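Just below is one structure, and these are the notes that go with it.
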Amino acid sequence: MLSLAGLFVLVVAVVPAGAHAAERYAMPVMENLTLNRTLRLEGPRWNGAVVRNVTIRGVDGDGIVIRNVDGVRIENCVISNVAGNGIKLSIHGSTRNVHLVGNRIAKTGLDGISAGQRHARGVDHPGLVVRDNRIERTGLAHRGGRNHGIYVQASDFLIEGNYVSESLDGNGISVRSSGIVRGNDVRGSAKSGIAYYSDHMRGPSDLLVIEGNRVSESGRQQERADIDLLNVPEPAMTVRKFHIRDNEVSSIRIHPDYAALGIRPSLTANRRVGCGGQQECSPVSFGG
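Oh and the sequence shown: position 92 is 132 in the numbering used here, straight run, nothing missing.
What follows is the structure in structure tokens.
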């Protein structure tokens, strides 16, 4: 048992399948706690850590901060009434293969989940998985549209099966690099339901897939589409391949900057909500 910053953490010895006993390693496990301060998972001692069934409430800051770790899993946690971000992957240190699964995040001042990237400093979070989380009432600080339900600048992520509602300041899901946004239910966003904005470096895949999402009631505070490929501020960083398919939305908008760069997103089988699937009800538009 370790005590880290006043918290007691169970350390579980793990032997990988087929490994010799000499290859045993320790995996921190934190579970069934209630906290009223930020939980920080920083540095290699947290590699492979599992945080589950932890409740974090009433924090004047972020709920969980993660940096300089590999293979951390945050699952089935409840984070609410925090002034900062629910879960933040820091811009001050990279991670790899972090999984955020089945968490409930509500009433955050800033983003529900945030994963930063600083390409010039080599900071990224490859292998990030954000799956089956429920995120409600984010952006309560109202910082001019800069905070979102899920905000991922990191490259080649997977954002899948999340329920995101009442992103009160910005987008429901805002991504800035290559990756997959699949099977999410996004409702009641102040700006776009799902948006891509190319101000951070694309990843090795150079592909953004937006598929099988259901998006509604977007643009409550600013005229936006349910799915937006926004204007291109950094052509050198911009993803070059897009597959937008099988989404149920009222609107998809592609900014003219993409055509000017010779980028033609693939748009297939998207359906307008309540339309019945007729071709004349296509939700796609090309405009600023």
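All residues carry an ideal CB built from backbone N, CA and C; glycine is no exception. Keep in mind the model is a prediction, meaning the values are calculated, not measured.
For Val204 and Val255, the rounded distance between their alpha carbons: Here the question's residue 255 lines up with position 215 in the sequence shown. Here the question's residue 204 lines up with position 164 in the sequence shown. Approximately 10 Å, taken between the alpha carbons.
Where the beta strand (DSSP E) containing Tyr298 begins and where it ends: As a first step, residue 298 must be located in the sequence shown, where it is residue number 258. Run containing Tyr298: none in the beta strand (DSSP E); it sits in the alpha helix (DSSP H), 297-300.
Given a cut-off of 8 Å, decide if Glu200 and Gly223 are closer than it, judged by their beta-carbon atoms. Translated into the one-based positions of the sequence shown, residue 223 becomes position 183. Translated into the one-based positions of the sequence shown, residue 200 becomes position 160. Yes, the pair counts as a contact, with Cβ atoms nearer than the cut-off.
Mind checking Asn310: buried by the 16 CB within 10 Å criterion, or exposed? Taking the sequence shown and counting its residues from 1, one reaches residue 310 at position 270. Flag for Asn310 reads buried.
Just list the beta strand (DSSP E) runs in the segment 206-248, keeping only unbroken ones of 3 residues or longer that don't cross its boundaries, in chain order. If one requires a minimum length of 3 residues, the beta strand (DSSP E) runs lying completely within the segment 206-248 are 213-215, 219-222, 225-227, 234-236, in chain order.
Check the C-beta distance from Gly252 over to Asn287 and give it rounded, since I have them as a contact under 8 Å. Reading the sequence shown from its first residue, position 212 is the one you call residue 252. Reading the sequence shown from its first residue, position 247 is the one you call residue 287. About 7 Å; that satisfies the 8 Å criterion.
Per-residue burial, His30 [other beta carbons within 10 Å of its own, 16 or more giving buried]: Here the chain has residues from 41 to 328 only, and residue 30 is not among them.
Would you call Asn72 buried or exposed, if buried means 16 or more other Cβ atoms sit within 10 Å of its Cβ? Along the sequence shown, read from residue 1 onward, the residue named residue 72 stands at position 32. Answer is exposed; the Cβ neighbour count stays below 16.
Quick check on Ala265: does DSSP put it in helix, strand or coil? In the sequence shown, the residue the question calls residue 265 occupies position 225. The DSSP-derived three-state label of Ala265 is coil.
For a test of the three-state rule: what should DSSP assign to His36, helix, strand or coil? Because the chain spans 41 through 328 in this model, residue 36 falls outside it and cannot be assessed.
Euclidean distance between Cα positions of Gln193 and Ala89: If you number the sequence shown from 1, residue 193 lands on position 153. If you number the sequence shown from 1, residue 89 lands on position 49. Taken atom to atom, the span from the alpha-carbon of Gln193 to that of Ala89 is near 23 Å.
Go through its chain and collect everything with a Cβ distance to Gly98's Cβ below 7 Å, but skip five positions before and after it. As a first step, residue 98 is located in the sequence shown; it is residue number 58 there, counting from the start. The answer, listed in chain order, is Asn76, Asn121.
Quick check: Asp266 and Gly219, are their CB atoms within less than 8 Å of each other? Numbered from 1 along the sequence shown, position 226 holds the residue referred to as residue 266. Numbered from 1 along the sequence shown, position 179 holds the residue referred to as residue 219. Contact: no.
Inter-residue spacing [alpha-carbon to alpha-carbon] between Ile104 and Phe197: In the sequence shown, residue 104 corresponds to position 64, counting from 1. In the sequence shown, residue 197 corresponds to position 157, counting from 1. Their Cα atoms are separated by approximately 19 Å.
According to the neighbour-count rule (16 or more other Cβ atoms, all chains shown, within 10 Å of its Cβ), is Asn173 buried or exposed? Locating residue 173 in the sequence shown gives position 133, counting from the first residue. By the beta-carbon neighbour count (other beta carbons within 10 angstroms, threshold 16), Asn173 is buried.
Inter-residue spacing [alpha-carbon to alpha-carbon] between Met67 and Val324: Position 27 of the sequence shown, counted from the start, is the residue given in the question as residue 67. Position 284 of the sequence shown, counted from the start, is the residue given in the question as residue 324. Approximately 48 Å between the Cα atoms of the pair.
Three-state secondary structure (DSSP) at Ala89? Position 49 of the sequence shown, counting from 1, holds the residue named residue 89. Coil.
Taking the C-alpha atoms as reference points, what is the distance between Val221 and Ser245? Position 181 of the sequence shown, counted from the first residue, corresponds to residue 221. Position 205 of the sequence shown, counted from the first residue, corresponds to residue 245. Approximately 14 Å, taken between the alpha carbons.
Same chain, Cβ closer than 7 Å to Ser207, neighbours up to 5 away in sequence not counted: Taking the sequence shown and counting its residues from 1, the one referred to as residue 207 is at position 167. Sequence-distant partners of Ser207 (beyond 5 residues in either direction) whose C-beta falls short of 7 Å from its own C-beta, in its chain, are Thr178, Gly179, His188, Gly189, Ser229, Ala230.
Once the 5 residues before and after His159 are set aside, which same chain residues still bring their CB inside 6 Å of it? Here the question's residue 159 lines up with position 119 in the sequence shown. Annotation for His159: Met241 place their beta carbon closer than 6 Å to its own, counting only its chain and skipping 5 residues before and after.
From Arg285, Ala155, Arg183, residue whose alpha carbon lies closest to that of Val249: Locating residue 249 in the sequence shown gives position 209, where the first residue counts as 1. Residue Arg285 is the option with its Cα nearest to Val249.
Report the option in Val112, Arg227, Asp239 whose CA atom is closest to the CA atom of Gly83. In the sequence shown, counting from the first residue as 1, residue 83 sits at position 43. The shortest CA-to-CA distance from Gly83 to any of Val112, Arg227, Asp239 is the one to Val112.
Residues bridged to Leu307 (per DSSP): Here residue 307 is taken as the residue at index 267 of the sequence shown, counted from 1. Ile284.
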